[in-house]
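Visitor: Residue numbers (our numbering): 28 to 81.
Every residue, glycine too, gets a C-beta built ideally from N, C-alpha and C.
Printed below as a string of structure tokens:
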């Protein structure tokens, strides 16, 4: 089983994805999230599990 990244790191990536002013930062945040979890669905499941999204 793959170890989950620290919650604070995932929150940072997610906040960057939502709020970064430049496209490059948003793309990097998305790549880090997908790299850590494999799929957008897995990212969403983690965010829901930790009450970051509903």
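Compute the minimum distance between the beta carbon of residue 50 and the heavy atoms of the ligand SAM, and state whether it is under 7 Å.
Guide: With respect to the ligand SAM, the structure offers nothing, as it holds no ligand at all.
Visitor: Using CA coordinates, which residue listed in 61, 55 and 47 is at the minimum distance from residue 31?
Guide: Closest by alpha carbon: 61.
Visitor: Please list the terminal residues of the continuous alpha helix (DSSP H) segment that includes residue 79.
Guide: It is not in any alpha helix (DSSP H) - residue 79 carries neither H nor E in the DSSP assignment.
Visitor: Roughly how many angstroms lie between the CA atoms of residue 51 and residue 76, to the nearest whole one?
Guide: Between residue 51 and residue 76, the C-alpha separation is close to 28 Å.
Visitor: Excluding five sequence neighbours on each side, which residues of the same chain lie with their C-beta closer than 6 Å to the C-beta of residue 63?
Guide: Once the five neighbours on either side are set aside, the close Cβ partners of residue 63 are 32.
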